Amino acid sequence: MLNQKLKKIFLNFSIRTVGSILSKTLGFITLPFIARAVGPEGFGTYSFIITLITYTAILVEWGYTPYGLRETAKHEDSSSVVNNIINTRFTFGIISMIIGAIAFSIVYWNNLPFLVDVFIGFGFIVSQIINVDYYYFGKKKMLIPTVSQLSGQIVFVIGVLFFIKTASDFRLLMVLYVAYQFIGSIIGLLLYLSNHSIKLKFSIKASIETIKKTFRLGLSARIEQLTSTYPILIIPLFFVGTFELGLYTSAFKFFTIVLIVYQVVMLTIAPYLVNLQTKAIHIQRKTIFQLLSFLFFMGVLSSIFFFVTDKYIVALLFGESFKDAIPVVDLIIFILLPFWPITMVLGGILIYYNFDKYYLQATIVNAVFILMLTPLLVYTFGISGAIYSIGIGNFSVILISIYYLNKLIPNLFINPINYLKKKKYV
Numbered sequence: 000m001l002n003q004k005l006k007k008i009f010l011n012f013s014i015r016t017v018g019s020i021l022s023k024t025l026g027f028i029t030l031p032f033i034a035r036a037v038g039p040e041g042f043g044t045y046s047f048i049i050t051l052i053t054y055t056a057i058l059v060e061w062g063y064t065p066y067g068l069r070e071t072a073k074h075e076d077s078s079s080v081v082n083n084i085i086n087t088r089f090t091f092g093i094i095s096m097i098i099g100a101i102a103f104s105i106v107y108w109n110n111l112p113f114l115v116d117v118f119i120g121f122g123f124i125v126s127q128i129i130n131v132d133y134y135y136f137g138k139k140k141m142l143i144p145t146v147s148q149l150s151g152q153i154v155f156v157i158g159v160l161f162f163i164k165t166a167s168d169f170r171l172l173m174v175l176y177v178a179y180q181f182i183g184s185i186i187g188l189l190l191y192l193s194n195h196s197i198k199l200k201f202s203i204k205a206s207i208e209t210i211k212k213t214f215r216l217g218l219s220a221r222i223e224q225l226t227s228t229y230p231i232l233i234i235p236l237f238f239v240g241t242f243e244l245g246l247y248t249s250a251f252k253f254f255t256i257v258l259i260v261y262q263v264v265m266l267t268i269a270p271y272l273v274n275l276q277t278k279a280i281h282i283q284r285k286t287i288f289q290l291l292s293f294l295f296f297m298g299v300l301s302s303i304f305f306f307v308t309d310k311y312i313v314a315l316l317f318g319e320s321f322k323d324a325i326p327v328v329d330l331i332i333f334i335l336l337p338f339w340p341i342t343m344v345l346g347g348i349l350i351y352y353n354f355d356k357y358y359l360q361a362t363i364v365n366a367v368f369i370l371m372l373t374p375l376l377v378y379t380f381g382i383s384g385a386i387y388s389i390g391i392g393n394f395s396v397i398l399i400s401i402y403y404l405n406k407l408i409p410n411l412f413i414n415p416i417n418y419l420k421k422k423k424y425v
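In this text, residue positions in the sequence shown follow numbering that gives the first Met the number 0: the first is 0, and each later residue adds one.
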């Protein structure tokens, strides 16, 4: 039985890892072309538009993915969960796009090209409405979402390589980005519909009921979104133009690419974390400690490797015009990379153990630190200050998560060496 579970975990991890490696390899291919074509200024604008769209889609992405994964992992028949999530996203998606269109038209009425690019980005919201990846993750079926995402990525790569040549192709870049997201979602939806049905309806009342079920997860996710994108909104206030913003976003793009391995691990083990709480306490302790130790070790190794190679990787990905981003990348490598996997594991345990309240409290404290410190540190240290503030917030999340988990799972972080021994605890 144990061997079968391990084989299943390894198979899902392998599928997702291979898919992610292929996807990120394709991303490595396109990123230099995009960066060289649009330059730091255009790259900053590209990131800014995507940030605006993600804020518009706040209610469309209100914690439904971890909630859907958790519920589909628990229940054999999860069609009602999928129906509720899709209808909630559909309802709030329509409302969000209407409100967003009005708001952006008022703010950017004198910048029509930018406004058109933002409206094109609304296609991203549609792609999130129809996305059902959480269903496949909960059912431990990694192949379908992996193939779906790769299909969209391939279309994006082909479009970038053949058509994105200069900054004048920026609008086409936005179209390709939306197509990439939409294709990645529609394939999974069509395969889901081959065995299930969905009754699409616009219902504010029913959507509010779903929001109530996912309130803490959704609020946590939105706070995380705010803290990750807040520097993108703050940096332009201290600098003329978006050149510095382009340097920051390119450095953080490097970071998100590196994190893909840890994200794959978390998605693969998520259904098993849901069921881990039903096991004996000593098994929970041992499993959690081994997972934390493994990912921290990998984080340290990654930091050493990328500190040696980051100059070459940045030059390869973004070109010589982004060389000023290297000091920011170095900060990320030392301050964020070794500890971020720990944050992901601790947060995942809180979520999949149904400790949403404590996860929310950790994200709120994180947000308070980042919201308060980012303007001050950016003013003092430049764009490097944004990394300092994120690092401080990340450490606060780790400490708070450890505190709550040690209360909820008795003595989890006391005498950790004993967890590796074959010893049973009362």
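By construction, the Cβ of each residue, glycine as well, lies at the ideal position given by its N, Cα and C atoms.
All of these numbers come straight from a predicted model, not from anything done at the bench.
Tell me, to the nearest whole angstrom, how far the beta carbon of Phe123 is from that of Ile52; I am working on the premise that it is less than 8 Å.
Right, the Cβ-Cβ distance comes to about 5 Å (below 8 Å), so this counts as a contact.
Smallest Cα separation from Ala100: which of Gly346, Ile157 and Tyr54?
Nearest of Gly346, Ile157 and Tyr54 to Ala100, Cα basis: Tyr54.
Could you pull out every residue in the same chain whose Cβ sits closer than 7 Å to the Cβ of Asp168, ignoring the five residues on either side in sequence?
The residues are Ala36 and Phe162.
In terms of residues, what are the limits of the alpha helix (DSSP H) holding Ser400?
Taken as a continuous stretch (DSSP letters only), the alpha helix (DSSP H) holding Ser400 covers Ser383 to Leu407.
In or out: Ala440 buried (at least 16 other Cβ within 10 Å) or exposed?
Residue 440 lies beyond the residue range present for the chain, which begins at 0 and ends at 425; the question has no answer from this structure.
Among Leu275, Gln360 and Thr277, which has the Cα closest to the Cα of Ser400?
That would be Gln360, whose Cα lies nearest to the Cα of Ser400.
Just the C-alpha distance for Ile93 and Gln180, rounded to the nearest angstrom, thanks.
Roughly 18 Å between the two C-alpha positions.
Determine, using beta-carbon pairs with one atom in the segment 212-222 and one in the segment 271-286, whether at least three such pairs fall under 8 Å.
The answer is no - the segment 271-286 does not touch the segment 212-222, with fewer than three Cβ pairs under 8 Å.
Is Ser150 helix, strand or coil by DSSP?
Of the three classes helix, strand and coil, the one that applies to Ser150 here is helix, per DSSP.
Have a look at Phe103, Phe118 and Ser196 and flag the residue whose alpha-carbon is nearest the alpha-carbon of Ser79.
That would be Ser196, whose Cα lies nearest to the Cα of Ser79.
On the DSSP letters alone, give me the boundaries of the alpha helix (DSSP H) that Gln180 sits inside.
Phe169 to Leu192 is the span of the alpha helix (DSSP H), which, as asked, contains Gln180.
Taking 8 Å as the cut-off, does the segment 244-263 touch the segment 58-68 (at least 3 CB pairs, one atom from each stretch)?
They do not touch, by the three-pair rule.
Since I believe Ile128 is in contact with Phe103 (beta carbons under 8 Å), could you give me their beta-carbon distance rounded to a whole number of angstroms?
That belief does not hold up - the Cβ atoms of Phe103 and Ile128 are roughly 19 Å apart, past 8 Å.
Label Leu315 either buried or exposed according to how many other C-beta atoms from any shown protein chain fall within 10 Å of its C-beta, with 16 as the threshold for buried.
Leu315 comes out exposed.
If you check the beta carbons only, do Lys310 and Ile332 fall under 7 Å apart?
Their beta carbons are not under 7 Å apart, which means Lys310 does not touch Ile332 by this criterion.
Using the three-state DSSP reduction, which class does Phe295 fall into: helix, strand or coil?
Phe295: helix per DSSP, three-state reduction.
Contact defined as beta carbons within less than 8 Å: I believe Ile234 pairs with Val377. What is the distance between those atoms, to the nearest angstrom?
The Cβ separation is near 6 Å, so the contact holds.
How far does the alpha helix (DSSP H) with Lys427 in it extend, from its first residue to its last?
Given a span of 0 to 425 for the chain in the structure shown, any question on residue 427 remains unanswerable.
If we ignore side chains and look at the alpha-carbon of each, how far apart do Lys431 and Met343 end up?
The first residue shown for the chain is 0 and the last is 425, placing residue 431 beyond what the model contains.
Please classify Leu149 as buried or exposed, where buried requires at least 16 other C-beta atoms within 10 Å of its C-beta.
Buried: at least 16 other Cβ atoms inside 10 Å.
If I measure Cβ to Cβ from Leu225 and keep anything under 7 Å in the same chain, skipping five residues before and after, which residues do I get?
Cβ neighbours of Leu225 beyond the five flanking positions: Ala366.
What whole-angstrom Cβ distance do Leu246 and Pro39 have, given they're in contact under 8 Å?
Correct: roughly 6 Å between the Cβ atoms.
Among Tyr134, Val313, Lys198 and Val117, whose alpha-carbon lies nearest the alpha-carbon of Tyr176?
The shortest Cα separation from Tyr176 among Tyr134, Val313, Lys198 and Val117 belongs to Val117.
Helix, strand or coil for His195, going by three-state DSSP, please let me know.
The answer is coil: DSSP assigns His195 none of H, G, I, E or B.
For Ser95, which three-state DSSP category applies?
If DSSP states are grouped into helix, strand and coil, Ser95 belongs with the helices.
What's the C-alpha gap between Phe368 and Gln283?
C-alpha separation (whole angstroms): 31 Å.
By how many angstroms is the C-alpha of Ser395 removed from the C-alpha of Val299?
Each residue's alpha carbon lies about 19 Å from the other.
If we require 4 or more residues per run, which alpha helix (DSSP H) segments fall completely within the segment 243-297?
The segment 243-297 contains these whole alpha helix (DSSP H) runs: 259-275.
With burial defined as no fewer than 16 other Cβ atoms inside 10 Å of the residue's Cβ, what is the status of Asn83: buried or exposed?
Label assigned to Asn83: buried.
When the Cα atoms are used, what is the spatial distance from Gly347 to Thr71?
Their Cα atoms are separated by approximately 16 Å.
Do you know offhand how far Leu336's Cα is from Ser302's?
Taking the straight line joining both Cα atoms gives about 6 Å.
By DSSP, does Ser77 sit in helix, in strand, or in coil?
Here Ser77 sits in coil by DSSP.
Provide the residue span of the alpha helix (DSSP H) that contains Leu330, from first to last.
Per DSSP, Leu330 belongs to the alpha helix (DSSP H) from Ile325 to Ile334.
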